[in-house]
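Chains as they are written, first to last, in the numbering used here: chain A, 1 to 239; chain B, 1 to 239. The structure appears below as structure tokens.
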DNA sequence: AAGTGGTCTAGACCACTTG
DNA sequence: AAGTGGTCTAGACCACTTC
């Protein structure tokens, strides 16, 4: 027989806090009490308390605001990476408020690394976009897009705070034949954590996508770094 | 200017170990030195050392064998959840050795929870399979399959250690129209960790799949719990 | 100025695995 | 029997945020 008393203390604390989350005693976005206060409340040291909190962080229930304390994670956005619908559209469709901020927009040569990834010449011109995307006022995603310049001339003169998907489809009549996607959990680096306003060492979901046109040419290479607790991957697959 | 000396000790240790991994000084599957020994080597306490090791664990480079120590993670298998190819096939195609072990095979009523998930009556008969799958002698995946019994009568008389995909296609002429997939990282529970022979609290990748036939009927519900460091999700998408 | 999270020490005991 | 990982204590100092 397994009795609850035989559990390690940090697991009991973590279960207690999880119950507080499940039953609404802790609300989304709320800041938790200071660590020293919680440690006293649970009758343990900060080390043990943090062990419990780190468990909940790994489960996506809590996150750390850098040097600002522990917070309850927001509701995750559903995301289907197999679809070419726009961020602005699917976030809105979920009753949330999207925002896109363009950090970098450049025209330049692909360079050796991208050339290998996309099977093109190192001096092939590409557009390089780096954008940060928000949901309900919270930054959740860092996105890099590399586009073969020949497919969308004059892209930098277009509005890049909106939907790139829509822009490419309607302005450049783009048709994609297929794409290769890979995704994995990772730890966000210092820079990424800062842009997403979460503590260093927070976990993220990394997704990369290589898109091909009808002639088999690689026309776009995307990299996405999501806040792990802010996204829920769902896919609708045909066939 | 950021100097390396300003980094916290646990980050420097973690980077050192990562370099050991990258440059082959630590080989796949190898056991690391005991914690006390490593702590002395790095001139820190076990607490600090474990902080460094936990970082590498979260990145999928190391794993903990329960009470047996720290080990270098094996090479991950590539897995495309959007395809209906068989585990046995895609693992073999990657030059690895697959094995499937059937833990539970039952014929029973769906029950209320599954009935809601699959949109069927609570007394609808289903086959319930629970299997453990191995790669190169290492258990990496726990798989649950629930199949509407009317679509595959006599399933329990078939060999269940092989490919269910192949069995359904060739023996029952199954055709799937579409499926819904969702996936997320989580922490494996006590039972799952034990079956996968890794320490409690190790992270996993959870994937669920709801499959529909041509008439829109839900015919299969799958749940997969992967060892997080043992799988790499990749997808080929058309359209 | 006070308080907070981030980091770290120097121990300890126990349950479990390994030789 | 010895050694190991898992858990936990009771402190400490610093950099940073908030007031």
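Every residue, glycine too, gets a C-beta built ideally from N, C-alpha and C. A quick note: this is a predicted structure, and the numbers were derived from the prediction, not measured.
Where residue i meets chain B, residues with beta-carbon distance less than 9 Å
i	result
residue 178(A)	236, 237, 238, 239
Under 8 Å from the C-beta of residue i: neighbouring residues of chain B
i	result
residue 12(A)	Those within 8 Å of residue 12(A) in chain B number zero; the least Cβ separation is about 14 Å.
residue 95(A)	By Cβ distance, chain B contributes nothing, its closest Cβ being about 19 Å from residue 95(A), past 8 Å.
Residue-level contact to chain A via CB, residue i, 8 Å cutoff
i	result
residue 7(B)	no
residue 181(B)	yes
Residue i - containing alpha helix (DSSP H), residue span
i	result
residue 55(B)	46-58
residue 20(A)	9-22
residue 92(A)	87-93
Boundaries of the beta strand (DSSP E) in which residue i is found, first to last residue
i	result
residue 125(B)	125-135
residue 139(B)	138-148
residue 35(A)	Element bounds for residue 35(A): not the beta strand (DSSP E) but the alpha helix (DSSP H), 35-42.
residue 241(A)	Absent from the model: residue 241(A). The displayed extent of chain A is 1 to 239, so no value can be given.
residue 65(B)	62-65
residue 229(B)	Per DSSP, residue 229(B) belongs to no beta strand (DSSP E) and is neither H nor E.
residue 69(B)	69-72
CB contact below 8 Å: residue i versus chain B
i	result
residue 185(A)	yes
residue 55(A)	yes
residue 86(A)	no
residue 20(A)	no
residue 15(A)	no
Chain-ordered chain A contacts of residue i [CB-CB under 9 Å]
i	result
residue 58(B)	58, 185, 186, 187, 201, 203
Closer than 8 Å at the beta carbon, the chain A residues around residue i
i	result
residue 82(B)	82, 235, 237
>> Report the start-end ranges of each beta strand (DSSP E) in the stretch 173-202 of chain B that is 3 residues or longer and not cut off at the edges.
In response: 178-187
> When Cβ atoms are compared, which residues of the stretch 97-129 of chain A fall closer than 9 Å to chain B?
Replying inline: none
> For the stretch 154-174 of chain A, which residues have a CB atom closer than 9 Å to at least one CB atom of chain B, in sequence order?
Replying inline: none
> In chain order, what residues of the stretch 210-236 of chain B put their CB closer than 8 Å to some CB of chain A?
Replying inline: Answer in chain order: 228, 232, 233, 234, 235, 236.
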